[in-house]
Amino acid sequence: MPHHRGCLRLLAAFCLTFLFLTFTASYKPVIVVHGLFDSPSDFQLLLNFINETHPGTNVSVVDLFDRTESLKSLWMQVEGFRQAIYPIMQNAVDGVHLYCYSQGGLICRALLSTMPDHNVDTFISLSSPQMGQYGDTKYLKWLFPHYMKSNLYRLCYTQLGQDISICNYWNDPHHRDLYLNNSNFLAVLNDERFHPNASAWKRNLLRIRKLILIGGPDDGVIMPWESSMFAFYDVNETVKDMTSQPVYLLDTFGLKTLDARGDIVFCKMANVSHTNWHSNRTVYDTCIDKWLT
Ligand SMILES: *[C@@H]1O[C@H](CO)[C@@H](O)[C@H](O)[C@H]1NC(C)=O
Ligand SMILES: *[C@@H]1O[C@H](CO)[C@@H](O)[C@H](O)[C@H]1NC(C)=O
Ligand SMILES: *[C@@H]1O[C@H](CO)[C@@H](O)[C@H](O)[C@H]1NC(C)=O
Ligand SMILES: *[C@@H]1O[C@H](CO)[C@@H](O)[C@H](O)[C@H]1NC(C)=O
Ligand SMILES: *[C@@H]1O[C@H](CO)[C@@H](O)[C@H](O)[C@H]1NC(C)=O
Ligand SMILES: *[C@@H]1O[C@H](CO)[C@@H](O)[C@H](O)[C@H]1NC(C)=O
Ligand SMILES: *[C@@H]1O[C@H](CO)[C@@H](O)[C@H](O)[C@H]1NC(C)=O
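The sequence shown begins at -19 in the numbering used here and counts up by one.
As structure tokens, this is what we get:
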């Protein structure tokens, strides 16, 4: 009989261990926000990677502002994504991860800054123009055939221009005064332009645990590509790194605090073109996999 009881006890221990492992092995939900001209179908490979490496993860690729709809103003998109994402956060007691690609990375940063009760654990910013965009790309040529990077400010820094997503983060280093006066998205989000709620926005952003910045020199669309790492051009189009940016030095929106906490992770990858970031297995394995806990 004592032998029998020992067995039961062992079995109970096993069960408890099993329950404990199952419980701790459940992964936080992942919310995916796409970029300019994308739609959820572009993330099929990512879904496969996550299913293979973290089976059972609930991944929501938000189906909003797809393709040309993604040209709508970013504050409008932020509002739409907020309504879609909020219930997912509320269902996730242990929090969620945000995976945001390209333009989507700016939408996500705005969500994080403007949601006082978000529960985002890790914010993955995948080749996002976090400090803005200034460059001629094929998208630009197609959208604005009569403009080049040097004169796009004439359109972008107007009320009409600010209704177009790209103009919301157009950052022309030769027209800083116009940017500061007219950019109603990036300059406001960065607290370069006054907003009454800036200090609350900073607190909100700082609720995240980690910020993962992924980008690389062969991107071909984000210009300068270092914008994905919070670096940007100075007035002479020389790239200055994140720690020399005024928004960092003044800690206007929380970047310096996050860095001082040791919570910014840089993952720079060569040979990845802009449209391949979310589908490249090496990028997933090197920069993303370990954060989707
Ligand atoms: C995840 O992978 C398993 C095993 O390969 C497969 O059976 C399942 O259908 C996949 N689930 C999804 C949602 O892709
Ligand atoms: C995944 O999350 C969504 C949003 O919270 C929820 O509606 C859905 O039921 C979840 N799916 C599974 C399989 O748990
Ligand atoms: C910026 O706005 C201020 C105040 O409205 C105005 O005085 C100034 O001329 C503007 N600067 C530019 C370059 O538009
Ligand atoms: C500032 O935050 C308050 C409280 O969260 C909110 O009611 C108000 O609308 C915000 N103001 C602006 C201009 O966004
Ligand atoms: C930009 O270049 C000019 C001319 O070479 C130089 O005088 C100026 O100091 C440079 N500005 C900065 C911020 O490096
Ligand atoms: C994937 O990323 C790796 C590492 O940066 C790179 O060497 C490779 O060329 C990329 N593959 C594709 C198809 O983009
Ligand atoms: C990038 O591609 C070049 C040329 O194909 C190759 O020499 C280099 O090793 C690659 N780098 C990475 C990180 O894959």
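Idealized CB from N, CA, C, for every residue including glycine.
Return yes when at least one heavy atom of ligand 5 lies under 8 Å from the C-beta of residue i, else no.
{"i": "N170", "result": "no"}
{"i": "V289", "result": "Examination of residue 289 is not possible in this model, given that the chain is present from -19 through 273 alone."}
{"i": "N216", "result": "yes"}
Cβ of residue i within 8 Å of any heavy atom in ligand 2?
{"i": "S40", "result": "yes"}
{"i": "I30", "result": "no"}
{"i": "P35", "result": "no"}
{"i": "P9", "result": "yes"}
{"i": "P67", "result": "yes"}
Which value, in whole angstroms, describes the spacing of the CA atoms of residue i and residue j?
{"i": "H254", "j": "Y81", "result": "10 Å"}
{"i": "G84", "j": "L16", "result": "7 Å"}
{"i": "K182", "j": "Y79", "result": "20 Å"}
{"i": "N170", "j": "L86", "result": "11 Å"}
{"i": "S93", "j": "Y127", "result": "32 Å"}
{"i": "V58", "j": "T262", "result": "30 Å"}
{"i": "A178", "j": "F233", "result": "7 Å"}
{"i": "P197", "j": "N251", "result": "8 Å"}
{"i": "R89", "j": "D97", "result": "14 Å"}
{"i": "S50", "j": "F23", "result": "16 Å"}
{"i": "K118", "j": "N256", "result": "16 Å"}
{"i": "L27", "j": "V100", "result": "19 Å"}
{"i": "R189", "j": "I104", "result": "11 Å"}
{"i": "G75", "j": "M209", "result": "25 Å"}
{"i": "M56", "j": "D143", "result": "9 Å"}
{"i": "I146", "j": "K121", "result": "13 Å"}
{"i": "L106", "j": "V227", "result": "21 Å"}
{"i": "P20", "j": "N184", "result": "27 Å"}
{"i": "R62", "j": "L91", "result": "7 Å"}
{"i": "N288", "j": "H14", "result": "With the chain covering only -19 through 273, there is no way to say anything about residue 288."}
Quick one: is the Cβ of residue i within less than 8 Å of any heavy atom of ligand 3?
{"i": "N161", "result": "yes"}
{"i": "L158", "result": "yes"}
Here's the rule I'm using: 16 or more other beta-carbon atoms within 10 Å means buried, otherwise exposed. How should residue i be labelled?
{"i": "E32", "result": "exposed"}
{"i": "P204", "result": "buried"}
{"i": "Q139", "result": "exposed"}
{"i": "Q70", "result": "exposed"}
{"i": "T102", "result": "buried"}
{"i": "N216", "result": "exposed"}
{"i": "D265", "result": "exposed"}
{"i": "N131", "result": "exposed"}
{"i": "L238", "result": "buried"}
{"i": "L166", "result": "buried"}
Quick check: is any heavy atom of ligand 7 less than 8 Å from the C-beta of residue i?
{"i": "N251", "result": "yes"}
Taking 8 Å as the cut-off, is the C-beta of residue i nearer than that to any heavy atom in ligand 1?
{"i": "L27", "result": "yes"}
Between residue i and ligand 4, is there a pair consisting of the residue's CB and a ligand heavy atom that are separated by less than 8 Å?
{"i": "A180", "result": "yes"}
{"i": "N177", "result": "yes"}
{"i": "P125", "result": "no"}
{"i": "P197", "result": "no"}
{"i": "P204", "result": "no"}
For residue i and residue j, which I take to be in contact (beta-carbon distance under 8 Å), what is that distance rounded to the nearest angstrom?
{"i": "L54", "j": "N148", "result": "4 Å"}
{"i": "I30", "j": "L272", "result": "6 Å"}
{"i": "N151", "j": "G200", "result": "Not a contact, Cβ separation roughly 18 Å."}
{"i": "M222", "j": "A211", "result": "5 Å"}
{"i": "Y213", "j": "Y114", "result": "6 Å"}
{"i": "V245", "j": "I202", "result": "Incorrect: roughly 18 Å between the Cβ atoms, too far for contact."}
{"i": "S286", "j": "R156", "result": "Nothing can be reported for residue 286: it is not among the residues displayed for the chain, which extend from -19 to 273."}
{"i": "V73", "j": "V41", "result": "The pair is not a contact, with the Cβ atoms about 22 Å apart (cut-off 8 Å)."}
Tell me whether residue i counts as near ligand 6, meaning its Cβ is closer than 8 Å to at least one heavy atom of that ligand.
{"i": "N99", "result": "no"}
{"i": "N256", "result": "yes"}
{"i": "V201", "result": "no"}
Task: Contained alpha helix (DSSP H) runs [length at least 4] in the stretch 7 to 41, N- to C-terminal order - done: 24 to 33
Open item on the list: Could you tell me which whole alpha helix (DSSP H) segments of length 4 or greater appear in the stretch 73 to 115?
Closed with: 83 to 94
TODO: Write down every uninterrupted run of the beta strand (DSSP E) in the stretch 181 to 238 whose length is 3 residues or greater and which is fully enclosed by it, in chain order.
DONE: 190 to 195
Task: Secondary structure, alpha helix (DSSP H): runs of 4+ residues fully inside the stretch 42 to 77 - done: 54 to 71
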